[in-house]
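For the numbering used here, add 9 to where a residue sits in the first sequence, where the first one is 1.
Here a beta-carbon is modelled for each residue, glycine too, at the ideal position from N, C-alpha and C.
Notes for the one structure printed next.
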Amino acid sequence: MSLEEWQRRLEAIAPELIAELSEHKEPAKGLPPLEGVEGGVVMRFAPNPNGPPTLGSARGIIVNSEYVKKYGGRFLLRFDDTDPVKKRPMPEAYRWYIEDCEWLGAKPDQIIVASDRMPYYYQAAEELILAGGAYVCSCEQAAFKELKDKGIFCPHRDQSPEEAMSLWAKMLSGELQEGQAVLRVRTDMSHKDPAIRDWAAFRIVTAPHPMVGSKYRAWPLLDFESAVEDHLLGTTHILRGKDLADSERRQRYVYDYLGWIYPKVVHWGRIKIHQFGSFSTSKLRKAIEAGEYCGWNDPRVPTVRAMECRGIRPEALRKFMVDLGVGETDISISMDSIYAENRRLVDPAANRYFFVWDPVKLQIEGDVPEVAKAPLHPTSDRGFREIPAGNEVLVCNNDLEGLKPGDRIRLKDLCNIEFVSMEPLKARYVGTEVESSKGKKMKIIHWAPVNGLPIRVMGPEKTDEGIGEAGIASELGKVVQFERYGFAKINCLGEPIVACFAHR
RNA sequence: GCUCCGGUAGUGUAGUCCGGCCAAUCAUGCCGGCCUUUCGAGCCGGCGACUCGGGUUCGAAUCCCGACCGGAGCACCA
């Protein structure tokens with residue numbers, strides 16, 4: 010039977026199969042779909058404000074807000090600042106998160122600060138106690154762990170709700186001291202996963218909290234605070250790191266006791282960045298306090314502010330994070346993709362300038378034009394910059410490597426020269442026509458006027474000092490391209506002008 | 001020790017739920033060419049992967065079992 014015959018027979022027997030075959034599976038674009046999104050979603054990003062957002066935070070901010078954009082609903086920024094000591098919040102960091110969210114194009118619809126909402130947690134704790142879901146445990150931490158590992162009940166576990174309630178009151182009143190008691194959720198001491206067994210919901214911390222001082226002495230732990238908040242806020246979907254993968258199974262006990270409905274959860278793996286290695290906010294904070302970096306926006310640091318400072322566009326970050334998706338695999342990414350994305354955005358907009366690093370003076374005999382006219386952009390017609398030239402200019406020292414007297418090169422947008430001597434550095438003018446340089450495939454280098462502006466370019470790997478043309482001073486806050494060097498953002502017009510390097 | 005999760009090119013990613021459109025997608029990277037008064041941009045071409053072993057099946061990246069590798073949790077941290 011021929012192919013055509015088969016085709017015809019199939020059409021006769023099962024036309025729906027043909028239709029299915031010809032229907033192409035659309036390649037999935039963007040983020041994977043979420044379940045149960047009818048009526049919109051409520052999603053939150055919940056950091057501890059103990060430093061500014063990092064690239065890791067950016068992923069959380071962007072992906073959460075992207076889903077809200079996709080399905081409609083509300084994007085919440087919630088500060089889980091319930092540890093006044095070990096993860097001590099920084100008062101400035103609250104503002105930093107809000108600013109960076111907005112900069113990333115993810116302005117929160119609501120901002121929640123956990124330390125402001127303690128009464129809710131106390132109320133939930135009491136409901137939980139009354140429902141028989143929690144007890145006050147005064148075991149020593151290590152002793153409890155031992156029991157827990159063996160799956161044995163601790164002596165406090167059989168408390169009645171009334172007993173638990175009166176002990177809870179003592180936690181709040183100050184009759185019980187720090188370390189003497191915790192409120193525990195009654196789960197299942199024989200649960201096969203020890204991580205789930207009777208976890209602590211509240212502990213006593215007497216140190217003042219940076220935001221609310223000594224107003225409270227019983228502080229909820231993350232799993233409890235977050236469980237209550239997600240219910241209160243009507244969170245529909247939670248995006249959570251794999252490190253918190255146990256939270257759902259723990260928090261479900263609270264939800265079940267109180268008759269709440271648990272949100273849908275998606276996990277994602279850890280993210281590491283080649284160029285920055287592994288970093289943590291607390292590690293960064295230490296290094297910055299020690300003066301190793303000049304602040305949270307130092308170009309060597311993986312914070313969102315540092316990206317902004319370097320001229321990375323929020324759109325580049327968004328595109329990148331959306332492309333990463335939400336896999337549970339741990340990933341190790343490279344900044345290269347972000348740079349490529351950003352270059353696409355920034356290249357059409359950035360004016361071109363000459364910046365000469367490691368400058369050396371070059372004397373040129375002859376009729377060198379007094380001023381060069383160079384386009385601000387190679388392809389879009391944005392006019393010209395005028396650069397004073399003359400018989401003395403500056404060039405990069407490393408462009409001289411391998412050159413000898415008699416060699417000819419072209420100074421871009423100026424003229425062609427022939428080297429007369431390398432030490433001292435002298436050359437002579439041999440014409441201005443581009444054509445003669447082109448035909449001979451002459452090397453083309455850039456240069457700077459001797460009375461140019463001192464420039465410092467700080468980058469993630471190194472800092473370069475040199476001289477640039479005067480027009481750079483009119484680009485404050487903008488990204489420019491230093492020809493044959495890379496893109497940088499002009500951040501400060503002092504002496505020197507300070508720019509941050511973005512990428513090549 | 002107990003528990004959970006994951007393994008597609010150098011790096012990410014699509015496909016895995018519902019096995020045949022997959023001799024496996026896209027991006028980035030790398031290599032070569034063209035173009036360009038920048039080592040930038042653009043254009044063209046190329047490189048490169050289903051962790052391994054069994055099983056089920058006419059057919060497996062996709063389902064099952066095992067191994068190996070990697071990550072995470074078992075805090076009075078978030």
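| Asked | Found |
| --- | --- |
| For the alpha helix (DSSP H) holding Gly486, just list the boundary residues, first then last. | Run containing Gly486: none; DSSP gives neither H nor E here. |
| Going by C-alpha distance, which of Asp473, Val191, Leu485 is nearest Gly495? | Asp473 |
| Go ahead and pull the three-state DSSP assignment for Glu504. | coil |
| If contacts are defined as beta-carbon pairs under 8 Å, then Phe233 and Ala216 qualify, I think. What distance do you get, rounded to the angstrom? | With 8 Å as the limit, Phe233 and Ala216 do not qualify as a contact, their Cβ atoms being about 19 Å apart. |
| Alpha carbon to alpha carbon, how far is Asp408 from Arg391? Give it in angstroms, no decimals. | 28 Å |
| Out of curiosity, what's the CA-to-CA distance linking Asp356 and Gln490? | 8 Å |
| When the Cα atoms are used, what is the spatial distance from Lys421 to Ala102? | 47 Å |
| Out of curiosity, what's the CA-to-CA distance linking Phe329 and Val77? | 18 Å |
| Between Arg513 and the rest of its own chain, which residues show a CB-CB distance below 6 Å, the 5 nearest in sequence each way excluded? | Gly495 |
| Give me the residue from Leu485, Arg126, Arg417 with the minimum Cα distance to Ala359. | Leu485 |
| Output needed for Glu257: all residues of its chain with C-beta closer than 6 Å, excluding positions within five of it in sequence on either side, in chain order. | Val274 |
| Leaving aside the five residues before and after Cys146 along the sequence, list all residues of the same chain whose C-beta is less than 7 Å from its C-beta, in chain order. | Phe153, Cys163, His165, Ala190, Val191, Arg193 |
| Out of curiosity, what's the CA-to-CA distance linking Ser289 and Pro56? | 13 Å |
| Could you tell me which of Arg314, Arg417, Val335, Ser389 sits nearest to Arg249, measuring between CA atoms? | Val335 |
| For the alpha helix (DSSP H) that Val94 lies in, which residues bound it at each end? | Where Val94 is concerned, there is no enclosing alpha helix (DSSP H), given that its DSSP letter is neither H nor E. |
| Below 8 Å, can you find three or more Cβ-Cβ pairs linking the stretch 337-349 to the stretch 398-406? | no |
| Under 8 Å, with one C-beta from each stretch per pair, do the stretch 115-127 and the stretch 164-182 reach the 3-pair mark? | no |
| Put His512 into one of helix, strand or coil per three-state DSSP. | strand |
| How many Å lie between Ile499 and Leu293 at the Cα? | 25 Å |
| Write down the C-beta distance between Ile453 and Arg417 rounded to the nearest angstrom, noting that I regard them as a contact closer than 8 Å. | Contact doesn't hold; Cβ gap of about 11 Å is too wide. |
| Given that a residue counts as buried once 16 or more other Cβ atoms are within 10 Å of its Cβ, and exposed if not, what is Pro387? | exposed |
| Which first and last residues belong to the alpha helix (DSSP H) in which Leu354 is found? | 344-355 |
| What residue range is occupied by the uninterrupted alpha helix (DSSP H) comprising Gln260? | 256-267 |
| Would you check if there are 3 or more beta carbon pairs closer than 8 Å linking the stretch 309-325 to the stretch 60-71? | yes |
| Is the Cβ-Cβ distance between Val466 and Ala511 less than 8 Å? | no |
| For Phe153, which of helix, strand or coil comes out of DSSP? | helix |
| In terms of DSSP beta bridges, what is Ala497 paired with? | Val489, Phe510 |
| Output the distance between the C-alpha atoms of Gly440 and Phe364, rounded to the nearest integer angstrom. | 23 Å |
| Compare the beta carbon distance of Thr244 and Arg53 with 8 Å and say whether it is the shorter of the two. | yes |
| Return the CA-CA distance between Trp177 and Glu44, expressed in angstroms with no decimal places. | 39 Å |
| Name the one or two DSSP bridge partners that Gln372 has. | Glu401, Lys435 |
| With a threshold of 7 Å on Cβ separation, who are the neighbours of Pro308 within its own chain once the five nearest residues in sequence on each side are excluded? | Ala315, Cys318, Arg319, Met467, Gly468, Pro469, Cys509, Phe510 |
| Measure the beta-carbon distance from Val94 to Val221 and round it to whole angstroms, keeping in mind my assumption that it falls under 8 Å. | About 14 Å separates the two Cβ atoms, so there is no contact after all. |
| State the Cα-Cα distance for the pair Trp366 and Trp456, rounded to the nearest angstrom. | 10 Å |
| Skipping 5 residues on each side, what residues in its chain have a beta carbon closer than 6 Å to that of Arg83? | Val51, Asp118 |
| Grouping DSSP H, G and I as helix and E and B as strand, with all else coil, what is Cys148? | coil |
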